[in-house]
Amino acid sequence: MGRSTAAARAATVVGGACAIAVAVLLALAPSWAHARYAALYVALAAAPFAVGWFLVRAGATRIGTLLVWMGVVPVLIAVTDLWRLVSEEQPGRLWVTGVLVGAAPLTWVLFYAAPALVVLHFPDGRLPGHEWRWVPRAVVGSALLLLTLGAVTPEPYPPPFETVPRFRFAMPSDLAWLHGALSVLAVLGLLGTLVVTGAAVGARRRRAANPRLRAQLRWIGLTVWTLPLTLLLCWLSYLLLDGPVLVLVGLAVMWLALPLATWAAVLHHDLYNLDRVRTVAATVTAVSTLALLVWTGVTAAAGSVVGGDRPALVAAVTAVLILAFLPLRSRLAHALERRLQPRRAALREALDGLVSEVQAGTAMPEQLEGVLRSTLGAPAARVGYLLPDLPGLWDGAGRPIADYRVVVAPTGPEGAGAALPVRVGGREIAWVLGLEAEDQAVVEGLEGVVALVAELGRLRLGVTAALREAEESRRRLQEVGYAERRRLAQDLHDGAQQRLVSLGLTLRVAQRHLRADDVATSELIDAAVAELGTAVSELRQLAHGIRPACLDDGLGPALAPLTQSGPVPVSVNVAVGSVPDSVAVTAYYVVMEAVTNALKHAQASQVAVHVEQRDGHLAVLVADDGRGGADPLGRGLSGVRDRVTAANGRLDLVSPATRGTRLAVLLPCG
Numbered sequence: 089m090g091r092s093t094a095a096a097r098a099a100t101v102v103g104g105a106c107a108i109a110v111a112v113l114l115a116l117a118p119s120w121a122h123a124r125y126a127a128l129y130v131a132l133a134a135a136p137f138a139v140g141w142f143l144v145r146a147g148a149t150r151i152g153t154l155l156v157w158m159g160v161v162p163v164l165i166a167v168t169d170l171w172r173l174v175s176e177e178q179p180g181r182l183w184v185t186g187v188l189v190g191a192a193p194l195t196w197v198l199f200y201a202a203p204a205l206v207v208l209h210f211p212d213g214r215l216p217g218h219e220w221r222w223v224p225r226a227v228v229g230s231a232l233l234l235l236t237l238g239a240v241t242p243e244p245y246p247p248p249f250e251t252v253p254r255f256r257f258a259m260p261s262d263l264a265w266l267h268g269a270l271s272v273l274a275v276l277g278l279l280g281t282l283v284v285t286g287a288a289v290g291a292r293r294r295r296a297a298n299p300r301l302r303a304q305l306r307w308i309g310l311t312v313w314t315l316p317l318t319l320l321l322c323w324l325s326y327l328l329l330d331g332p333v334l335v336l337v338g339l340a341v342m343w344l345a346l347p348l349a350t351w352a353a354v355l356h357h358d359l360y361n362l363d364r365v366r367t368v369a370a371t372v373t374a375v376s377t378l379a380l381l382v383w384t385g386v387t388a389a390a391g392s393v394v395g396g397d398r399p400a401l402v403a404a405v406t407a408v409l410i411l412a413f414l415p416l417r418s419r420l421a422h423a424l425e426r427r428l429q430p431r432r433a434a435l436r437e438a439l440d441g442l443v444s445e446v447q448a449g450t451a452m453p454e455q456l457e458g459v460l461r462s463t464l465g466a467p468a469a470r471v472g473y474l475l476p477d478l479p480g481l482w483d484g485a486g487r488p489i490a491d492y493r494v495v496v497a498p499t500g501p502e503g504a505g506a507a508l509p510v511r512v513g514g515r516e517i518a519w520v521l522g523l524e525a526e527d528q529a530v531v532e533g534l535e536g537v538v539a540l541v542a543e544l545g546r547l548r549l550g551v552t553a554a555l556r557e558a559e560e561s562r563r564r565l566q567e568v569g570y571a572e573r574r575r576l577a578q579d580l581h582d583g584a585q586q587r588l589v590s591l592g593l594t595l596r597v598a599q600r601h602l603r604a605d606d607v608a609t610s611e612l613i614d615a616a617v618a619e620l621g622t623a624v625s626e627l628r629q630l631a632h633g634i635r636p637a638c639l640d641d642g643l644g645p646a647l648a649p650l651t652q653s654g655p656v657p658v659s660v661n662v663a664v665g666s667v668p669d670s671v672a673v674t675a676y677y678v679v680m681e682a683v684t685n686a687l688k689h690a691q692a693s694q695v696a697v698h699v700e701q702r703d704g705h706l707a708v709l710v711a712d713d714g715r716g717g718a719d720p721l722g723r724g725l726s727g728v729r730d731r732v733t734a735a736n737g738r739l740d741l742v743s744p745a746t747r748g749t750r751l752a753v754l755l756p757c758g
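Numbering (my numbering), first residue to last: 89 to 758.
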C-alpha cells in the first residue's frame, strides 16, 4: 500500500470520526433544523469523498487522496458548528474554551482553502513548479490567520458564552481597530490567493506542451473560478440579505463542480470543449468583483452623506452601476478571451476581418481555408464544400477533393481524420478537414462566423459551377450544331445538288435527240435547264451558309481570298495549326463580318487581319484606319458578339471616332 492510499484511508478514518461526532451532537440536541444542517454538510462532503476514492482506485492516487481529504472538511465544519449550536441551546453540557468560541464561526474559510489546494496540485498531486510554492502557503496562511484572529478576538463573546474564560493571548479591546484591519486583510488575501490559483491553472495550460494536459486544465480552469466567485457571493449575501443564504448556493455548486471536473479531466478530458465557458465564467467573475467593490464603496459613501437606511438610494445606485457596466462586460469579455484563449481570439479577429473584406469586395469567402491555415498554424487544414446536385466535397477553387468521400453523418468524410461539420439551420454545408483536436475545438467555438463565410463561399461556388456547366452545355450544343451543319452541307452537296446537276445533263442529252423542227420543246428544255442551274446555285449558297466549304482546307486558306477581292488592301496573317472545327467556323464568320463592316461603313483605306494561337486560345484581330465610331449594339456586331459568347470566348471592341476600329476576339480551343 502506497503513501497516497494510506493517506486516503487516514482521511476516511478522520471523516468517519467526525461523522460519529455529528451523530452524537444530533443525539444530544435532536431537531429538524440541526438534522437538515448536518445533512447539507454531509452532502457537500459526498462528491469529493466519492470521486476521490474512485480516482484512487483508478490509479490517480495523489489527486484522489487530496479529494478524499477535501471531503473531510464539510464534516469537520459540521462538528464545530453543531458543537456551537448545542452549546448555545444547552449551556454547560459541552466543554467550552475561548479558542473554540472565537475560532468556530470562522471555520468557513476551510471551504475555500481545501479546494484551492486541490486545484494547485492538479492533476498529479504536485505543484506546477517551484515558483508556485508560495501560493499554497499563502492559502494556508490566510486561513490560519483568520482562524487565529477569531481565537484572539478582542470583542466580548456572544451569549451564552460571556462567562467563558478568554484566551490568554486574546487582543485587548483598545486594539480592536487593528483586529478589524487584519481581518479585512486576511479576507482580501484569501480572495487574492484564490484568484492567483485560477491564474496558476491558466499559466500551466498556456505553457503545457502536452495536448492531454491542456485539455485537462481546461476543465479545472473553468471550475476554479467558482472559488473567488463563491467568496464574493458570500460578501454580497451579507451586504444584501444580512446572512449567508446566497453563499450556500455557491458552495453547493463549487463543491459539486470541482470533484466532477477533476474526475472528467483525469479520466475523460476530451468529453466536452470548455474554452468558451471558461471565458464566460472569468468575465462574470471579473465584472462581479469590480461591480461589488464599486457598489459597496458608492453605497457606503452615499449612506454616510445622506444618512439613514434609504432603499431608493440603493436602488438608484444599483441601476446606475448596471448601465455603467453593460458596455464594460463586452470589452472585458474580449480582453479575457485574448488572454485566456489567444488562438480563438486571433481566429475571431481574422474571420471578422475576412467578413469585412468580403463585404467591401476586396476578398473572396473562399479564402476561409487560407485564414484557418495561417491563423491556426495548420497547413493540412482544408475546407470541403457540399455543392447542390454534385457528389463529394469541393475545394475553394471548385475542384473535387479526391481524398475524401462524404458518408453518413456523424462519421464525416472517409479519410478525413478529425472532420468538423459546418451547419446552417441544421443542414450540413461544408466540412473542415485535417484539424487537430485542439484546433477543432477552437473552430467549434466560432462556428457561427465560420458557417456564415462558408455559406457565402458555397453559394459562390454553386453559381460558378452552374455557369461552368451551362457553358459546357452550350459548347457541346454548339459543337453538335456545327457537326450537324457540316453533315447537312455534305448531304446537300452529295445528294440534292448532284441529283439536280445530273437531271440538267439528262435534259441536255434529251434535247440532242429532238427533231430539228421541234423548237418549242427545245425552248422548254432550255428553260428547265436554266431553272435547274438557278436551283443548283441557290443550293450551293445555302450549303455555304450552313458551313463554308472553304474551311475544309483550314482557316488560313479560307481567309486568303480576302487579299484579292476587296476594293481596299486587306492584309491577312494567319499562324494557326489544327483548331476545332467549331472554333474555325466562329473565327471565319467573325473575320468576314468585321472586314465587311470595314469595307461598307468605315470608309477604311486599309484593313489588317491577324490570327494566331496562344496559351490554348485562338486570338483574332481585325483593325482598320476608317472613321471609327462603330456601334457595338448594331446588328452586325451583335451577331458577332452572340457567336463569340456561344463559343465561350471574349470580344473587345475599340472604335474611337476618326481613329479607326479595332476588334479583338479570344476563343478557347480546349
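Here a beta-carbon is modelled for each residue, glycine too, at the ideal position from N, C-alpha and C.
Computed from a predicted structure; not experimentally measured.
Contact between I151 and G213 holds, with the beta-carbon distance rounding to 5 angstroms and staying under 8 angstroms. Contact between V197 and L234 is confirmed by a C-beta separation of about 5 angstroms, below the 8 angstroms threshold. Straight through space, the alpha carbons of V541 and R470 are spaced by roughly 14 angstroms.
The shortest C-alpha to C-alpha distance from C106 to any of A138, T168 and L143 is the one to T168. Contact check between the stretch 724-731 and the stretch 697-712: fewer than three CB pairs, one atom from each, fall below 8 angstroms, which does not count as touching. In this chain, Y473 is not harboured by any alpha helix (DSSP H); it is covered by the beta strand (DSSP E) spanning R470 to Y473. In this structure A448 is exposed. Its beta-carbon is surrounded by fewer than 16 other beta-carbon atoms within 10 angstroms. Runs of alpha helix (DSSP H) with 4 or more residues, each lying fully within the stretch 167-245, are found at 186-191, 198-208 and 222-239, listed in chain order. Going by DSSP, L320 is part of the alpha helix (DSSP H) stretching over T314 to L328.
Going by DSSP, L132 is part of the alpha helix (DSSP H) stretching over W120 to A146. Here S659 is bridged, per DSSP, to A696. Of L164, P453 and R181, the smallest CA-CA separation from G104 is found for L164. Residues of the same chain with a CB within less than 6 angstroms of the CB of L464, apart from the 5 flanking positions on each side, are D527 in chain order. Between A345 and T318, the CB-CB gap reaches or exceeds 8 angstroms. DSSP, read as helix, strand or coil, puts Q652 in helix. For V708, the uninterrupted beta strand (DSSP E) segment begins and ends at H705 to D712.
Check the Cα spacing between A135 and each of A94, W351, Y125 and L182: the tightest is with W351. DSSP places P756 inside the beta strand (DSSP E), whose first and last residues are T749 to P756.
DSSP, read as helix, strand or coil, puts V510 in strand. Sixteen is the threshold: when 16 or more other Cβ atoms of the shown chains lie within 10 Å of the Cβ of Q304, as they do, the residue is buried. If you draw a 10 Å sphere on the C-beta of A123, you find fewer than 16 other C-beta atoms in it, and that means exposed. For V673, no beta strand (DSSP E) segment is defined; the enclosing uninterrupted segment is the alpha helix (DSSP H) at D669 to K688. Beta-bridge pairing by DSSP links R738 to L754. Looking at L442, Y677, A111 and E457, the one whose alpha-carbon comes closest to that of V520 is E457. When the beta-carbon positions are compared, G550 and P476 come within less than 8 angstroms of each other. Remark: three or more beta-carbon pairs, one from each stretch, lie closer than 8 angstroms, so the stretch 253-263 and the stretch 172-186 are flagged as touching. If you check the CB distance, L321 and G338 come in under 8 angstroms. Counting along the chain, the unbroken beta strand (DSSP E) around E516 starts and ends at R515 to L521. Per DSSP, the continuous alpha helix (DSSP H) segment holding A433 begins and ends at P430 to A448.
A residue is called buried when at least 16 other Cβ atoms come within 10 angstroms of its Cβ; R306 meets this threshold and is buried.
Residue pairing of W482 in beta bridges, as defined by DSSP: Y473 and P488. About 7 angstroms separates the CB atoms of L278 and A231; that is less than 8 angstroms, so the two are in contact. Taking 8 angstroms as the cut-off, the beta carbon of A353 is found no closer than this to the beta carbon of P224.
Inter-segment contact for the stretch 646-661 and the stretch 720-727 is absent: fewer than three beta-carbon pairs are separated by less than 8 angstroms. In this structure, DSSP gives R461 a helical state, which the three-state scheme calls helix.
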